[in-house]
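Asks: Chains as they are written, first to last, in our numbering: chain A, 26 to 376; chain B, 26 to 376; chain C, 2 to 328; chain D, 2 to 328. Note that CB positions come from ideal geometry on N, CA and C, so glycine has one too. A single structure is presented below for examination.
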Ligand SMILES: Cc1ncc(C[n+]2csc(CCOP(=O)(O)OP(=O)(O)O)c2C)c(N)n1
Ligand SMILES: Cc1ncc(C[n+]2csc(CCOP(=O)(O)OP(=O)(O)O)c2C)c(N)n1
Ligand SMILES: [Mg+2]
Ligand SMILES: [Mg+2]
């Protein structure tokens with residue numbers, strides 16, 4: 026099956042009557058801007074890691090269309106359950122660079138308040154967020170509101186039992202859940218064909234989910250498909266799944282060495298399908314991007330990069346007491362005693 | 026989709042060119058005899074439980090065609106991984122009543138040597154045997170022999186992560202595994218439609234498995250489909266799945282009270298589709314069952330039932346030392362000491 | 002005040018919780034029409050409907066995982082795991098998600114989820130149906146682990162667990178489900194907070210610590226010791242396994258100088274080890290003998306016909322008591 | 002004899018195991034082309050092919066579950082779990098199947114499966130990548146649980162684990178992967194069986210028991226104590242966590258009369274509790290102070306910037322030593 030595509034790698038619009046999209050300059054510029062900011066942020070975070078300011082960084086390089094295209098197609102009050110590489114999506118929700126980076130700096134395990142952004146904290150245990158998203162959607166269903174839940178996961182995570190239980194549980198309970206898989210072709214060094222024999226959207230269909238395959242580097246297709254499917258989910262059509270074919274253009278993380286397992290030519294071929302590039306071509310061809318917009322955006326990107334650097338370096342450490350106070354609602358006598366003894370020991374050295 | 030059916034509930038042969046079956050009196054009599062023996066055994070085990078000779082019994086009543094039809098269609102050297110209700114299948118492999126009952130009497134956790142019968146011990150943790158079957162098939166694959174592995178599971182177990190991981194793992198590794206699901210409509214009190222939205226064979230297809238739906242109360246269909254699929258698996262066609270639609274005519278176990286959750290009319294309707302009954306009709310109609318055969322079989326059933334009773338009541342208890350000696354290859358000092366101390370205590374009371 | 006079995010006392014506890022707070026949800030395998038295999042949820046679906054008393058698919062990881070999601074949405078789910086030995090598919094969700102969410106979110110996210118687990122042996126069940134796995138969860142920071150032993154405690158501890166902002170692993174000893182006793186409609190004077198142990202019988206000579214299915218055995222042991230050996234044994238029902246109520250425990254052992262811990266779980270790295278290690282630190286100079294442990298053998302739970310040997314009985318508890326006095 | 006890092010010593014151990022027995026199989030996520038995230042399986046797939054060094058789908062339950070099946074077929078699989086915090090999806094297979102198969106089959110079925118788990122903190126990793134969960138498995142009857150601390154032990158313990166007929170949970174301390182030391186080509190005189198602890202430094206004043214990533218810290222603590230306080234501390238690397246080598250441990254504590262147990266895992270119901278409880282029973286009258294435990298705090302593993310505080314360091318170990326002497 027061919028993925029849904031509305032914009033080809035050369036920036037030419039293609040036709041697909043099943044997925045209408047009202048194409049406006051504003052929409053295109055907005056999507057383009059968000060992708061550019063996300064990529065600039067990602068580059069900067071990479072640099073920060075190389076400078077030793079972050080312990081680790083997992084780049085979203087190449088997946089901007091999949092993330093921006095999807096999250097921009099749901100409502101701000103739709104709750105999102107990300108995996109751990111959804112930086113572009115997080116930025117779209119207004120999460121700040123500081124909030125995003127603090128986890129990777131090693132100062133916190135999560136940086137933002139999920140309630141503020143309706144964006145759950147990152148989940149590093151693969152697929153573990155998917156039952157959470159399903160349960161949250163069960164709550165929405167019981168509340169009788171018209172929110173939906175959007176959950177991200179990867180091609181690797183799809184092999185976990187919990188991911189497949191989710192396909193099944195969601196299908197049988199008919200919750201308002203939209204499962205969005207970024208198939209970026211790799212799970213660390215493991216190619217997608219080692220994970221699965223069929224395309225993941227076909228698997229989801231087998232469970233009874235409405236499921237679609239979309240060119241994940243075509244932001245117009247991602248946006249159009251997500252918007253249409255989200256509305257069906259919202260209006261009681263039951264849960265659905267979207268598989269976006271995209272590519273992890275960087276290594277798995279800054280600790281990874283992709284040269285050990287994949288050919289440079291593969292990356293080269295995906296570079297010709299860069300998601301930002303093709304929307305840029307469209308904007309240029311249509312004359313929807315003038316010099317002013319271009320210059321403003323370049324400047325905005327640089328400001329954002331600088332802010333990212335600065336915020337990162339200024340990130341505060343919490344007091345160690347937070348560790349003892351956030352295990353349970355109230356610290357237990359054991360924790361209190363442990364904390365007391367530790368403080369005493371530290372104090373004894375300070376003397 | 027309609028399940029494959031070769032013999033209708035009234036014992037009339039139907040046509041299905043996709044699933045040829047060489048119908049002989051010998052085959053039909055053999056299958057009939059095995060089903061009758063299995064049912065008689067099952068009834069007797071039920072009685073033994075009610076007499077207090079067994080702690081628990083899970084009847085296979087109504088599932089004889091699914092089990093006998095499938096296991097008789099694979100080779101004796103094909104390794105089988107059962108769940109816990111495969112009594113009819115176990116009997117076909119020559120496992121004795123004593124070996125089958127000892128677990129339910131509470132004297133052992135398993136009663137037979139899996140190597141002798143190429144039939145693994147029962148697994149009570151739902152779906153946990155499925156990765157084992159897959160791994161065993163990986164071994165067969167590496168050994169380069171033409172055995173296949175047959176694994177049984179239920180409609181309830183299919184909801185577990187491990188079952189779905191198995192669908193996926195088997196499909197990607199292309200192991201010689203035949204997954205056989207007895208969809209008996211219930212998982213204790215939970216109906217199949219609470220477990221899954223689609224038919225389970227459709228789900229398996231979504232993973233890329235060859236999968237078929239068969240009337241599980243039609244032993245000819247089960248036998249024909251299993252035989253054909255098993256040969257495809259054997260000849261390198263990759264793993265496959267068969268879903269047999271059948272019915273658990275008894276409660277989940279002797280501890281269960283099915284009246285709490287299901288309508289008597291449902292059972293009545295399935296009684297008209299009894300698997301033994303319909304093959305009997307065919308045998309009668311064709312004149313393949315004379316009085317001698319009938320009388321012999323009745324007698325054999327009674328002998329078997331008596332043997333079942335007797336063997337059960339004579340089941341020995343092992344010495345308690347077995348408990349300490351089968352934890353690891355060698356008992357650890359802790360276990361030795363624990364055993365010694367316990368024996369001493371017991372001895373002190375004997376004095 | 003009524004005479005209820007433990008099963009019924011838990012049932013009425015759930016009923017109260019469902020009545021008092023519309024956010025409370027009961028979910029699990031066969032909890033609806035069947036009322037659960039131990040009938041603890043009997044009739045609840047009829048009273049509160051299938052939206053609040055949910056018959057789930059057969060998938061423990063998702064039962065706990067979706068409960069976490071429901072809690073994030075503001076609900077208070079009570080999950081039933083059908084038997085102790087079937088909680089392991091949910092282990093990942095419990096240990097890496099449920100237990101850690103508060104810490105991972107630096108206090109922003111609370112998960113008031115209760116996981117009810119029928120626990121332990123003594124009912125002649127087949128394998129995987131008689132296990133005592135409390136220490137896996139006790140060792141896991143971020144969970145409360147409690148175990149009731151009688152109808153009154155079962156009822157009130159369950160209501161307290163539902164009211165708690167923390168995730169609670171709530172153990173119910175199977176062999177006590179049909180034991181009857183008085184249950185009060187309002188908290189009694191004797192009703193303790195969830196994090197306190199209960200002194201069931203006081204005595205000056207030895208402290209016998211236990212919980213769940215072994216409480217009855219230990220009380221009988223104390224009676225025998227009093228009658229036959231004039232030994233006054235203080236019996237403490239721990240009730241809360243994590244955190245431990247060390248105040249009560251230490252006070253008792255400080256007084257008696259001798260201590261035996263009895264549980265069904267294997268002793269090796271069992272809860273008795275923790276209790277023993279802590280007591281020894283608290284009361285080193287007061288101890289007349291090491292804290293002795295009596296537990297199930299260090300083997301996988303044996304076939305039913307051996308459980309009377311495997312589970313510590315009166316004789317094995319009294320033997321440990323004797324050994325303590327003989328030290 | 003060569004100077005190897007722990008990672009390389011394990012790698013050559015696997016190489017030997019694969020060479021010596023065609024039934025040995027290495028399997029896990031990214032163990033092939035990548036050679037594992039810690040390079041322990043580096044080059045093995047090239048040498049032994051993808052049928053024997055298997056890049057699996059991303060599903061821990063199935064990694065262990067299919068290894069069980071392979072073992073039933075006569076293979077000897079060595080599974081890699083990528084990080085400690087990702088073993089929980091396989092918990093059901095490990096605890097209810099792998100550990101129990103021998104007992105469930107009354108001795109008929111052996112499962113010679115090794116599960117390698119990089120363990121513990123100290124490498125500045127993100128959450129779930131620094132946990133110490135050994136006690137979950139130590140408490141589980143039917144498993145051997147071991148932990149190496151240096152290249153020579155890593156190499157030989159791994160080969161012994163592969164040769165064992167029992168399932169072995171094999172822990173490798175991450176922060177020691179790049180520590181170099183001599184590894185012999187044949188068993189050295191000092192090579193111990195898998196079920197023995199190793200006395201690393203002898204001393205008469207106090208026994209310091211530890212394992213894995215903490216061994217180095219404890220050896221430094223002993224050196225400081227000797228130098229600054231003239232205290233002779235006996236340092237014991239437990240190596241085997243289940244079963245414990247109580248013979249070695251008890252002999253040491255019988256001699257010194259004081260004992261501290263140090264590990265990275267939280268103390269509550271941690272392995273130190275078991276060690277402490279057993280020692281106290283063995284050596285009650287010899288003990289000058291209670292067995293003291295030093296461990297990670299009883300919290301979920303904290304963010305990386307706090308791990309130097311969370312993990313017991315020289316100061317916390319020495320503080321426990323001081324407290325023991327001050328008792
Ligand atoms: C349960 C679990 N097992 C293993 C890991 C280690 N791990 C981290 S990321 C990763 C690959 C994930 O691939 P995918 O789901 O495709 O997401 P991507 O990294 O490509 O975004 C692995 C194996 C983990 N985080 N969780
Ligand atoms: C992991 C696990 N969870 C729960 C149970 C308890 N249990 C035993 S049988 C059963 C229903 C199984 O239904 P199904 O798979 O359809 O098999 P059937 O009993 O119908 O043959 C349940 C829930 C179990 N054995 N294992
Ligand atoms: Mg991926
Ligand atoms: Mg069923």
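Can you find a heavy atom of ligand 3 that lies under 7 Å from the Cβ of residue 87(A)?
Replies: No.
Asks: Confirm the yes/no value for this check: CB of residue 199(B), any heavy atom of ligand 2, distance under 7 Å.
Replies: Outside the cutoff, so no.
Asks: Counting only Cβ pairs nearer than 8 Å, list the residues of chain B close to residue 26(C).
Replies: Simply none; closest approach about 16 Å.
Asks: Can you tell which of 239(A), 308(A), 356(A) has its C-alpha closest to the C-alpha of residue 48(A)?
Replies: It is 308(A).
Asks: Taking 8 Å as the CB-CB cut-off, is residue 93(D) touching chain B?
Replies: It does; some Cβ of chain B falls within 8 Å.
Asks: In whole angstroms, what separates the C-alpha of residue 36(B) from that of residue 82(B)?
Replies: Straight-line Cα distance between these residues: approximately 30 Å.
Asks: Considering only residues of the same chain and omitting the five flanking positions on each side of residue 181(D), which have a CB-CB separation below 6 Å?
Replies: Same-chain partners within the cutoff: 4, 6.
Asks: Quick check on the burial criterion: 16 or more other C-beta atoms within 10 angstroms. Buried or exposed for residue 152(B)?
Replies: It counts as buried.
Asks: What is the DSSP secondary structure of residue 9(D), reduced to helix, strand or coil?
Replies: Three-state DSSP puts residue 9(D) in a helix.
Asks: Quick check on the DSSP output: the beta strand (DSSP E) that includes residue 105(B) runs from which residue to which?
Replies: Element bounds for residue 105(B): 104 to 106.
Asks: For the segment 210 to 221 of chain A, which residues have a CB atom closer than 7 Å to at least one CB atom of chain D, in sequence order?
Replies: Per Cβ criterion, the list reads 212, 213, 214, 215, 219, 220.
Asks: Run through DSSP, which three-state label would residue 26(A) get?
Replies: In the structure shown, residue 26(A) sits in coil (DSSP, three-state: anything other than H, G, I, E or B).
Asks: Name the chain B residues whose beta carbon is nearer than 7 Å to that of residue 166(D)?
Replies: The answer, in chain order, is 354.
Asks: With DSSP collapsed to three states, give me the class of residue 1(C).
Replies: Because chain C is modelled from 2 through 328, residue 1(C) falls outside the range shown and cannot be assessed.
Asks: For the segment 250 to 269 of chain B against the segment 95 to 114 of chain B, do three or more pairs of beta-carbon atoms, one drawn from each stretch, fall closer than 8 Å, so that the two count as touching?
Replies: Touching, yes.
Asks: Express the C-alpha separation of residue 310(A) and residue 320(A) in angstroms, rounding to a whole number.
Replies: When rounded, the distance between both Cα atoms is 18 Å.
Asks: Give me, in chain order, the residues of the same chain whose beta-carbon lies closer than 6 Å to that of residue 19(C); leave out the 5 immediate sequence neighbours on both sides.
Replies: Answer for residue 19(C): 25, 49, listed in chain order.
Asks: In this structure, how does DSSP classify residue 173(B) when only helix, strand and coil are distinguished?
Replies: Residue state, collapsed to three classes: coil.
Asks: Residues of the segment 104 to 136 of chain A with a CB closer than 8 Å to any CB of chain D: list them in chain order, please.
Replies: Listed by position along the chain: 128, 129, 130, 131, 132, 133, 134.
Asks: Does residue 40(A) pass the burial test, meaning 16 or more other C-beta atoms within 10 Å, or should it be called exposed?
Replies: That one is exposed.
Asks: The beta strand (DSSP E) that contains residue 143(C), what's its start and end?
Replies: Where residue 143(C) is concerned, there is no enclosing beta strand (DSSP E), given that its DSSP letter is neither H nor E.
Asks: Leaving out five residues on either side along the sequence, give the residues of the same chain with a beta carbon under 7 Å from the beta carbon of residue 198(B).
Replies: Same-chain partners within the cutoff: 163.
Asks: From the DSSP output, read off the bridge partner residues of residue 237(B).
Replies: In DSSP, residue 237(B) forms a bridge with 267(B).
Asks: Within the 8 Å Cβ cut-off, does residue 285(A) reach chain D?
Replies: True, the Cβ-Cβ gap to chain D drops below 8 Å.
Asks: Quick one, are the C-beta atoms of residue 174(C) and residue 237(C) less than 8 Å apart?
Replies: Taking 8 Å as the Cβ cut-off, residue 174(C) and residue 237(C) do not qualify as a contacting pair.
Asks: Please indicate yes or no: does the CB of residue 238(D) lie closer than 7 Å to some heavy atom of ligand 4?
Replies: No - ligand 4 has no heavy atom lying nearer than 7 Å to the Cβ of residue 238(D).
Asks: Please find out if some non-hydrogen atom of ligand 4 comes closer than 7 Å to the beta-carbon of residue 273(B).
Replies: For ligand 4, at least one heavy atom lies less than 7 Å from the Cβ of residue 273(B).
Asks: Could you name the residues that DSSP lists as bridge partners for residue 119(C)?
Replies: According to DSSP, which records beta bridges pairwise, residue 119(C) is partnered with 173(C).
Asks: Going by alpha carbons, who is nearest to residue 311(D) out of 210(D), 255(D), 124(D)?
Replies: Ranking the options by Cα distance to residue 311(D), first place goes to 124(D).
Asks: So which of 223(B), 141(B), 172(B) has the shortest CA-CA distance to residue 180(B)?
Replies: It is 223(B) whose Cα lies nearest to the Cα of residue 180(B).
Asks: Less than 7 Å between the CB of residue 212(B) and some heavy atom of ligand 5, yes or no?
Replies: With respect to small molecules bound, the structure shown includes ligand 1, ligand 2, ligand 3 and ligand 4 and not ligand 5.
Asks: Any contact of the segment 96 to 104 of chain C with the segment 349 to 356 of chain A, i.e. 3+ C-beta pairs under 8 Å?
Replies: Yes, the segment 96 to 104 of chain C touches the segment 349 to 356 of chain A.
Asks: Of all the residues that make up the segment 62 to 96 of chain A, which are near chain B by a beta-carbon distance shorter than 7 Å?
Replies: Cβ contacts with chain B: none found.
Asks: What's the call for residue 108(D), buried or exposed, on a 16-neighbour Cβ count within 10 Å?
Replies: Residue 108(D) comes out exposed.
Asks: Return the first residue and the last residue of the beta strand (DSSP E) that residue 182(D) is part of.
Replies: Start and end: 181 to 184.
Asks: Is residue 265(C) helix, strand or coil when you go by DSSP?
Replies: Residue state, collapsed to three classes: strand.
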